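FYI, in my numbering the residues of the sequence shown are 2 to 302. Glycine residues also receive a C-beta, built at the ideal position from the N, C-alpha and C atoms. Predicted model, so just to flag it, every value in this text is computed and none were measured. Quick notes on the structure that follows.
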Amino acid sequence: MHIVQPDNTAAIEKSPSAAAYTLEVTGKEIRQIEIAAPLIPPGTPINIAFLGNENPDQRVNAARVIRECGFEPVPIISSRRLRSEEDLNSLITQLNRAACPSRYIFVGGDPATPAGPYTDSLALLASGVLQRHDIHHVGIVGYPDGHPKISTDKLWHALEWKYQLLRDAHCTLEITTQFGFDTEAIVRWIRQLRDRGIDAPVNIGVPGPASISQLLRYAKQFGVVASTEIAGRYGLSLATLLRKSVADHFWADLVRGLAEKELGDIGYHLYPFGGIKDGVRWMNSRVCNDQPLADSSGLEV
Numbered sequence: 002m003h004i005v006q007p008d009n010t011a012a013i014e015k016s017p018s019a020a021a022y023t024l025e026v027t028g029k030e031i032r033q034i035e036i037a038a039p040l041i042p043p044g045t046p047i048n049i050a051f052l053g054n055e056n057p058d059q060r061v062n063a064a065r066v067i068r069e070c071g072f073e074p075v076p077i078i079s080s081r082r083l084r085s086e087e088d089l090n091s092l093i094t095q096l097n098r099a100a101c102p103s104r105y106i107f108v109g110g111d112p113a114t115p116a117g118p119y120t121d122s123l124a125l126l127a128s129g130v131l132q133r134h135d136i137h138h139v140g141i142v143g144y145p146d147g148h149p150k151i152s153t154d155k156l157w158h159a160l161e162w163k164y165q166l167l168r169d170a171h172c173t174l175e176i177t178t179q180f181g182f183d184t185e186a187i188v189r190w191i192r193q194l195r196d197r198g199i200d201a202p203v204n205i206g207v208p209g210p211a212s213i214s215q216l217l218r219y220a221k222q223f224g225v226v227a228s229t230e231i232a233g234r235y236g237l238s239l240a241t242l243l244r245k246s247v248a249d250h251f252w253a254d255l256v257r258g259l260a261e262k263e264l265g266d267i268g269y270h271l272y273p274f275g276g277i278k279d280g281v282r283w284m285n286s287r288v289c290n291d292q293p294l295a296d297s298s299g300l301e302v
């Protein structure tokens with residue numbers, strides 16, 4: 002299992018020699034990837050969010066830019082946002098032509114009412130999309146904190162169903178967890194995952210350095226629970242707007258929680274809510290210990 006001890010010094014201003022984590026971007030933010038490219042590990046998988054206020058051209062352009070920068074584009078396909086099978090096939094065909102992604106992530110998506118024939122990611126995965134587009138590496142999402150609209154039993158049933166379907170389709174599977182603040186819940190969820198016989202790699206969603214107000218806004222948007230106890234642990238008070246403190250506390254708690262536990266293949270996924278460049282610098286200083294840890298820039302991490 003990949004366990005990295007936290008480090009409070011700053012990473013040198015260049016990227017590590019190999020991919021050490023994954024991260025996420027939207028079509029509108031793709032310029033941030035170009036700016037931060039010298040800091041991002043070569044070959045890093047970068048997930049491309051599927052937002053309702055972006056169009057297919059923006060998603061395809063993001064994939065192309067990510068590939069041209071030397072990283073691995075990972076398009077997220079939102080089942081309930083697809084208007085038709087034709088829309089689905091057209092989007093994946095364009096993505097393949099522009100950037101040749103080696104993997105895709107399939108999610109249900111936010112809309113309460115599906116825009117087309119796919120009610121959730123189970124329906125989409127069962128539609129033959131993997132076979133039609135020769136997709137062999139699939140990502141799905143895990144919810145250690147639960148889901149505001151789906152029961153825990155249904156979440157586990159869906160995850161086990163996807164795991165079996167993808168095994169039968171001879172696909173490799175990777176699970177990325179929704180970001181959250183409760184590291185104990187994350188470790189407990191991974192233990193339950195392994196106890197259920199699901200041995201897929203897990204990328205733990207890590208909230209990068211951001212203001213408290215930004216984190217609370219994203220938590221509300223994603224339906225993440227921040228209980229009074231958890232909020233107190235990380236100083237989640239609107240009156241406490243100290244940048245990066247939550248990320249630092251979260252990381253230290255996570256490393257302690259994972260220590261000396263046999264949980265299989267564990268990685269990290271950066272949610273760069275406070276900006277990609279700052280998030281990448283912060284993440285590099287924590288997972289890339291083989292790099293010289295010297296920095297004269299005065300960057301606080």
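**Simplified DSSP state of H137, which is helix, strand or coil** = H137 carries a coil assignment under DSSP once its states are collapsed to helix, strand and coil.
**Asked** Expressed to the nearest angstrom, what Euclidean distance is found between the alpha-carbon atoms of L126 and S152?
**Response** Cα to Cα, the separation comes out at about 21 Å.
**Asked** Does DSSP classify I199 as helix, strand or coil?
**Response** Note: I199 maps to coil in three-state DSSP.
**Message:** So, under 8 Å CB-CB, D88 and G44 are touching, yes? Tell me the CB distance rounded to an integer number of Å.
**Reply:** Actually they are not in contact, since the Cβ atoms of D88 and G44 sit about 30 Å apart, beyond 8 Å.
**Prompt:** Between which two residues does the beta strand (DSSP E) harbouring G268 extend?
**Reply:** Note, G268: beta strand (DSSP E), 267-272.
**Message:** Rounding to the nearest angstrom, what Cα-Cα distance links Q132 and A170 in this structure?
**Reply:** Straight-line Cα distance between these residues: approximately 8 Å.
**Message:** Could you tell me the alpha carbon to alpha carbon distance between T10 and W283, rounded to whole angstroms?
**Reply:** Only weak support exists for where T10 lies, its pLDDT of 34 falling under 50; the value from the coordinates is given anyway. Rounded to whole angstroms, T10 to W283 spans 9 Å at the Cα level.
**Message:** Just list the residues that DSSP pairs F107 with in beta bridges.
**Reply:** Answer by DSSP bridge pairing, in chain order: I78.
**Request:** Put I176 into one of helix, strand or coil per three-state DSSP.
**Result:** In the structure shown, I176 sits in a strand (DSSP, three-state: E or B).
**Message:** Quick test of the definition: if touching needs 3 or more C-beta pairs under 8 Å, does the stretch 180-191 touch the stretch 103-122?
**Reply:** Output reads no: the stretch 103-122 does not touch the stretch 180-191.
**Item:** Helix, strand or coil at L83 [DSSP, three-state]
**Value:** Looking at L83 - three-state DSSP - the assignment turns out to be coil, as it is neither helix nor strand.
**Request:** Mark K150 as exposed unless 16 or more other C-beta atoms lie within 10 angstroms of its C-beta, in which case mark it buried.
**Result:** Counting every other CB atom within 10 Å of its CB across the protein chains shown gives K150 a total below 16, marking it as exposed.
**Request:** Going by CA-CA distance only, name the one from E35, S286, V130, A21 that's closest to N90.
**Result:** The option with the nearest alpha carbon to N90 is V130.
**Message:** Let's see if you can read the secondary structure: which residues bound the alpha helix (DSSP H) around P57?
**Reply:** It spans 57-69 - the alpha helix (DSSP H) in which P57 sits, taken as one unbroken run.
**Request:** With a threshold of 16 other CB atoms inside 10 Å of the CB of N54, please say whether the residue is buried or exposed.
**Result:** So N54 counts as exposed.
**Prompt:** Would you say N48 and V26 are within 9 Å of each other, going by their C-beta atoms?
**Reply:** For N48 and V26, yes; Cβs fall inside 9 Å.
**Three-way DSSP call (helix, strand, coil) for L52 in this model** = Annotated three-state conformation of L52 is coil, per DSSP.
**Item:** Three-state secondary structure (DSSP) of L24
**Value:** Three-state DSSP puts L24 in a strand.
**Request:** Could you check what DSSP says for E161 in three-state terms: helix, strand or coil?
**Result:** Annotated three-state conformation of E161 is helix, per DSSP.
**Prompt:** Around the C-beta of L36, are 16 or more other C-beta atoms found within 10 angstroms, so that it is buried, or is it exposed?
**Reply:** Checking the displayed sequence, the identity of residue 36 turns out to be Ile instead of Leu. I36 counts as exposed, since fewer than 16 other beta carbons sit within 10 angstroms of its beta carbon.
**Prompt:** What residues in its chain sit with their C-beta under 6 Å from that of G143, if we drop five residues either side in the sequence?
**Reply:** If we look at G143 and ignore the five residues flanking it on each side, its Cβ neighbours are I176, T178.
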